[in-house]
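Engineer: Going left to right, the sequence shown walks through residues 88 to 375 as this note's numbering numbers them.
Note that the Cβ used here is the ideal one computed from N, Cα and C, for glycine as well.
Remember, it's a predicted structure, so these values are computed and weren't measured experimentally.
Let me give you the structure first, and then I'll get to my questions.
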Amino acid sequence: MKYKSTTTIHTTTITTTTTTTTTTSLSCKQKLIHKFYGEYARAGGDGKDICQIRAQNLGYDELFLYTQCGLPTTPTPHHHHNNDDGDDEQESEPAYTDLFSVSCGSGCPLRLKPSNTTTANNATTIVPNGAIVLDLGAGAGHDVVLASRLVGPDGHVVGVDLSPDMIRLAMTNVARYAGDAASCGDVSFVCAAFDEDGGDVAWTAIRDTLRVGHPYATGCGDGDVEVDVVISNGVINLCENKKEAFHLAYRCLTNGGHFLLSDACKIESIKNEEVDISCKIGSDSWVN
Numbered sequence: 088m089k090y091k092s093t094t095t096i097h098t099t100t101i102t103t104t105t106t107t108t109t110t111t112s113l114s115c116k117q118k119l120i121h122k123f124y125g126e127y128a129r130a131g132g133d134g135k136d137i138c139q140i141r142a143q144n145l146g147y148d149e150l151f152l153y154t155q156c157g158l159p160t161t162p163t164p165h166h167h168h169n170n171d172d173g174d175d176e177q178e179s180e181p182a183y184t185d186l187f188s189v190s191c192g193s194g195c196p197l198r199l200k201p202s203n204t205t206t207a208n209n210a211t212t213i214v215p216n217g218a219i220v221l222d223l224g225a226g227a228g229h230d231v232v233l234a235s236r237l238v239g240p241d242g243h244v245v246g247v248d249l250s251p252d253m254i255r256l257a258m259t260n261v262a263r264y265a266g267d268a269a270s271c272g273d274v275s276f277v278c279a280a281f282d283e284d285g286g287d288v289a290w291t292a293i294r295d296t297l298r299v300g301h302p303y304a305t306g307c308g309d310g311d312v313e314v315d316v317v318i319s320n321g322v323i324n325l326c327e328n329k330k331e332a333f334h335l336a337y338r339c340l341t342n343g344g345h346f347l348l349s350d351a352c353k354i355e356s357i358k359n360e361e362v363d364i365s366c367k368i369g370s371d372s373w374v375n
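Written out as structure tokens, the structure reads:
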């Protein structure tokens, strides 16, 4: 995609769009997901150090976070408390603990790449500088943050999630860890389900968001949405209509774009030792 030159601002622009979907219009399964992940977000996770326990074992190691994504390595000042002398002190915690505290993903989709793909300087990601990235099921936004840093100031990242509580956390994480417009792309969020009605509601919100947030990108005018990379992390297994979710992902991709998916899959042996791989969890029987 080609971009016009723009004026750099001092902070990353963060916008959010809420669709007309209400909890009363959600299916029973969507209501359960909305309730569970909303409570999980409001609680700030389960109190465990997800970054140490899971994230670094799922591709979010220091090489990727620091070298490829450019996150600073210094600990993050966080809590204030009074010491024995009554003086206010500031505690430091390992860098990015908060970024992953409500992480629910299954891996790091940003590190996936075709085996025949070469990247500059042995980069561990195929996400190019200046790209438009769409994150389906963004959750608390750790992949949105990293994608924003990977695409740089000429890029744009759109995160879609069903839970407004998750999106609020994601906006906080973006402001904290990807707020420098000199090195990070703009970020937008869409609060919507993306696995129903052909994805039309989510697609329209994504299109309108890109028109406002990245109007100088090819494909974001009156025509179709065209993004360079779609990512999804541990979410499609939760979708009630997985076929519609996949349809939306490919509908949004530009020609030659990439869909990077990390998810929980069920592998079943079929007759004659054939294997079907499915994102099936629950009653959805769609496989591919």
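Can you check which of these residues, Ala280, Leu348, His345 and Tyr264, is closest to Thr184 by C-alpha distance?
Structural biologist: Measuring from the Cα of Thr184, the nearest candidate turns out to be Tyr264.
Engineer: Spatial neighbours of Asn320 within its chain, please: C-beta separation below 6 angstroms, excluding the five flanking residues on both sides.
Structural biologist: So the qualifying residues of the chain are Gly192, Pro196, Asp230 and Ser349.
Engineer: Quick one, which of Val232, Asp136 and Gly132 has its alpha-carbon nearest Asp252's?
Structural biologist: Taking only the C-alpha atoms, the option nearest Asp252 is Gly132.
Engineer: How is the alpha helix (DSSP H) around Cys138 delimited, first residue to last?
Structural biologist: Where Cys138 is concerned, the enclosing alpha helix (DSSP H) stretches over Ile137 to Ile140.
Engineer: In the DSSP assignment, find the unbroken alpha helix (DSSP H) run with Thr259 in it and report its ends.
Structural biologist: Run containing Thr259: Pro251 to Tyr264, per the alpha helix (DSSP H) assignment.
Engineer: Distance, Cα to Cα, Leu297 vs Cys278?
Structural biologist: If you take the alpha carbons of Leu297 and Cys278, they lie about 14 angstroms apart.
Engineer: So, for Gln143: in the same chain, excluding its five sequence neighbours on each side, which residues have a beta-carbon less than 7 angstroms away from its beta-carbon?
Structural biologist: Once the five neighbours on either side are set aside, Gln143 has no close Cβ partner at all.
Engineer: Distance, Cα to Cα, Phe276 vs Val288?
Structural biologist: So the alpha carbons of these two residues sit roughly 14 angstroms apart.
Engineer: Apply the 10 Å Cβ neighbour rule to Ala341 and answer buried if 16 or more other Cβ atoms are within range, or exposed otherwise.
Structural biologist: What sits at residue 341 in the sequence shown is Thr, not Ala. Result: buried.
Engineer: May I ask which residues mark the beginning and end of the alpha helix (DSSP H) holding Thr160?
Structural biologist: Run containing Thr160: none; DSSP gives neither H nor E here.
Engineer: Could you give the distance in angstroms between the alpha-carbon of Ser270 and the alpha-carbon of Phe123?
Structural biologist: Going by the C-alpha atoms only, they are around 35 angstroms apart.
Engineer: Use the C-beta contact count for Gly308: other C-beta atoms within 10 angstroms, 16 or more gives buried, fewer gives exposed.
Structural biologist: Reliability fails at Gly308, whose pLDDT of 43 lies under 50, so the model's placement of it is uncertain and no value is given.
Engineer: Below 9 angstroms between beta carbons: does that hold for Ala262 and Ala227?
Structural biologist: Not a contact, by the Cβ cut-off of 9 angstroms.
Engineer: Looking at Leu223: is its Cβ nearer than 9 angstroms to the Cβ of Val247?
Structural biologist: Against a cut-off of 9 angstroms, the Cβ pair of Val247 and Leu223 comes out as a contact.
Engineer: Could you pull the DSSP bridge partners for His345 from this structure?
Structural biologist: For His345, which the question treats as bridged, DSSP gives the partners Val316.
Engineer: Could you have a look at Lys200 and say whether DSSP puts it in helix, strand or coil?
Structural biologist: Note: Lys200 maps to coil in three-state DSSP.
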